[in-house]
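Novice: For the record, the sequence lines run as chains A and B.
Residue numbers for the first sequence follow our numbering, beginning at 1 and rising by one.
Residue numbers for the second sequence follow our numbering, beginning at 1 and rising by one.
Glycine included, every Cβ here is placed at the ideal spot set by N, Cα and C.
These numbers come from a predicted model, not from an experiment.
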Amino acid sequence: MADGKSEILQGTLDLMVLKTLAAMGPLHGYGIARRIEQISEEALQINQGTIYASLVRLLQRGWISGAWGASENNRKAKFYSITRTGRKRLASEAENWERISGVIGRVLRISERG
Amino acid sequence: MFSWMRILGVKIRSWVSRRGEEDEFARELEEHLALLTEENISRGMTVDEARRMARVRLGGTTQLREIHREQYGWLAAETVWRDVRYALRTLRKSPGFTLVCVLTLGLGIGASTAIFSVVNGVLLRPLPYPNHERLVRIGERHPRNGCGLCGNFGNATYANFNDLERAANTVENVSAFREWSFNLTGDGEPEQVPGALVSGNFFAALGSKPVAGRMITPEDDAPGGDNHIVVLSYTLWQRRFGAERGVVGKTHG
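See below:
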């Protein structure tokens, strides 16, 4: 991506969105954002709009699909759900994440004098 | 590479993110704002405050829509670029196959282009005459000399032409021509120019108008008429006579 944002951060948000959809079933953008905030116990106050950038990325890779439906209060909203490819990707990406965060954790724990 | 991709992105964006796509996204954001506002109201905010805070939490919708549009373009461009690179890599791996493909395509395209040029010139492009769709060529086929089926036009006799002119009632005008070459002498070097002998109503049938002077008329053709009239082609007039109007009425060798 050439838009200057850290790829790791983008990837992290994508992973969270994917996991949320895998766990909760079809959700609209607001639902996803709300869910991520709740899980993070409000520690992660994302600018909810950034969810949509993530949703577009996931849609174009075919990891999620979107369809219009009725929201809780009977208005039209676009609901996203994870695809089969998305589930496979989620498994491998989650594993990847665990490995990387493990490595980073170990690196950060190295004492100054080694 | 990135500037190249940006250009491609701009192009692809125009067809990927069609208006419908953008309108849909705008509606999606509106719904998001409505839900956020409701949440804020349930937390005890006034309606105005709830709306304002909802906008803060979501971020500027104009900017979001801009990013959305940008992203559609970008990802499509990236995918295309990836495909192109993959294709090039694959082709490089099997040069024999690549060569065969390139030759096949090259020859195919070349042959098609050549055939089309001929068809376009001969069949598709209309003749440069008014009412060109009503022009037909009539010819005689002589079974004994020349091939009877290859569409050659044999020379009809003058008597046959006269019969045809008198009797044909499905056509407006029958005129005859015979390709001929002429020797042009006088000022400058003598030269042989291609031309045709035509009957009196030939130009009337084609509907051609002269730039200067007049065309050959049926009176020239009639017995006792002056049958030494020449109509110069525009190119010959320009080239040989310097487009001089004074050439009209002069006698040439």
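#1: In chain order, what residues of the stretch 69 to 83 of chain A put their CB closer than 8 angstroms to some CB of chain B?
#2: Would you say E24 of chain B and A77 of chain A are within 8 angstroms of each other, going by their C-beta atoms?
#3: With DSSP as the reference, please indicate the residues paired to G195 of chain B in a beta bridge.
#4: Does the beta carbon of I41 of chain B come closer than 8 angstroms to any beta carbon on chain A?
#5: With DSSP as the reference, please indicate the residues paired to H228 of chain B in a beta bridge.
#6: Please list the residues of the stretch 58 to 71 of chain B that have a C-beta atom closer than 7 angstroms to any C-beta atom in chain A, keeping them in chain order.
#7: Tell me whether the beta-carbon of R178 of chain B lies closer than 8 angstroms to the beta-carbon of L197 of chain B.
#8: Report yes or no: is there a C-beta of chain B within less than 8 angstroms of the C-beta of G29 of chain A?
#9: Taking its Cβ as the centre, do 16 or more other Cβ atoms sit within 10 Å of D83 of chain B, making it buried, or is it exposed?
#10: Tell me the DSSP secondary structure of K209 of chain B in three-state form.
#11: Alpha helix (DSSP H) containing G139 of chain B: first to last residue?
#12: Please decide whether E28 of chain B counts as near chain A, where near means a Cβ-Cβ distance under 8 angstroms.
#13: Applying a beta-carbon distance threshold of less than 7 angstroms, which residues of chain A neighbour A114 of chain B?
#14: Can you check whether the C-beta of A77 of chain B is within less than 8 angstroms of a C-beta belonging to chain A?
#15: Tell me whether Y129 of chain B sits in a helix, a strand or coil according to DSSP, three-state version.
#16: Okay, do the stretch 78 to 90 of chain A and the stretch 99 to 107 of chain B touch, 3+ Cβ pairs below 8 angstroms being the bar?
#17: Name the DSSP bridge partner or partners of H28 of chain A?
#18: Can you list the residues of chain A that A87 of chain B reaches, using a CB-CB cut of under 7 angstroms?
#19: By DSSP's criteria, S65 of chain A is part of a beta bridge. Which residues make up the other side?
#20: Residues of chain A with a CB under 7 angstroms from the CB of H132 of chain B: which are they?
#21: Kindly indicate which residue of B:E172, B:G224 and B:A243 has the alpha-carbon position closest to the one of S233 of chain B.
#22: Going along the chain, which residues of its own chain have a beta-carbon closer than 7 angstroms to the beta-carbon of L135 of chain B, five neighbours each way excluded?
#23: Assuming Q60 of chain A is part of the alpha helix (DSSP H), what are its boundary residues?
#24: With distance defined between alpha-carbon atoms, name the residue in A:I104, A:K19, A:E98 and A:Y30 nearest to I46 of chain A.
#25: Between A34 of chain B and chain A, is the shortest Cβ-Cβ distance under 8 angstroms, so that the two count as touching?
#26: Helix, strand or coil: how does DSSP classify A243 of chain B here?
#27: Here's a check: name, in chain order, each residue in its chain whose Cβ is nearer than 8 angstroms to the Cβ of S181 of chain B, leaving out the five neighbours to either side.
#28: Express the C-alpha separation of G49 of chain A and M53 of chain B in angstroms, rounding to a whole number.
#29: Under the assumption that R57 of chain A contacts D14 of chain A (Cβ atoms under 8 angstroms), give the Cβ distance between them as a whole number of angstroms.
#30: Expressed to the nearest angstrom, what Euclidean distance is found between the alpha-carbon atoms of S188 of chain A and M24 of chain A?
#31: Using the rule of at least 16 other Cβ atoms within 10 Å of the residue's Cβ for burial, across every protein chain shown, is I115 of chain B buried or exposed?
#32: Take A168 of chain B and list the residues in its own chain whose beta-carbon comes closer than 6 angstroms to its own, dropping the five residues that flank it on each side.
#33: Do you know offhand how far I138 of chain B's Cα is from L124 of chain B's?
#34: Output the distance between the C-alpha atoms of V211 of chain B and I229 of chain B, rounded to the nearest integer angstrom.
#35: CB-CB under 8 angstroms to N160 of chain B, same chain, minus the five flanking residues each way: which ones, in chain order?
#36: Under a three-way DSSP split, which group does A70 of chain A fall into?
Specialist: Considering the structure as presented:
#1: S71, N73, R75, K76, A77 and K78
#2: Cβ atoms of E24 of chain B and A77 of chain A: not closer than 8 angstroms.
#3: B:W180
#4: It does not; no Cβ of chain A falls within 8 angstroms.
#5: Its beta-bridge partners do not exist; DSSP assigns none.
#6: L58, G59, L64, I67, H68 and Q71
#7: yes
#8: yes
#9: exposed
#10: K209 of chain B falls in the coil class under three-state DSSP.
#11: Neither: G139 of chain B is in no alpha helix (DSSP H) and is coded neither H nor E.
#12: yes
#13: By Cβ distance, chain A contributes nothing, its closest Cβ being about 43 angstroms from A114 of chain B, past 7 angstroms.
#14: no
#15: coil
#16: no
#17: A:F79
#18: Proximity of chain A to A87 of chain B at the Cβ level (cut-off 7 angstroms) is not reached, the minimal Cβ distance being about 20 angstroms.
#19: A:S81
#20: Going along chain A, no residue has its Cβ under 7 angstroms from H132 of chain B, so there is no contact; the nearest lies around 54 angstroms.
#21: B:A243
#22: Closer than 7 angstroms at the Cβ level, and outside the excluded window around L135 of chain B, lie L127 and Y129.
#23: T50 to Q60 is the span of the alpha helix (DSSP H), which, as asked, contains Q60 of chain A.
#24: Closest by alpha carbon: A:Y30.
#25: yes
#26: coil
#27: Result list for S181 of chain B: Q192, V193, P194 and G195, in chain order.
#28: Near 13 angstroms, if we compare the C-alpha coordinates of G49 of chain A and M53 of chain B.
#29: 6 angstroms
#30: The structure shown does not extend to residue 188 of chain A, since chain A is modelled only from 1 to 114, so the question has no answer here.
#31: exposed
#32: V174
#33: 20 angstroms
#34: 16 angstroms
#35: E140
#36: In the three-state scheme derived from DSSP, where H, G and I count as helix and E and B as strand, A70 of chain A is classed as strand.
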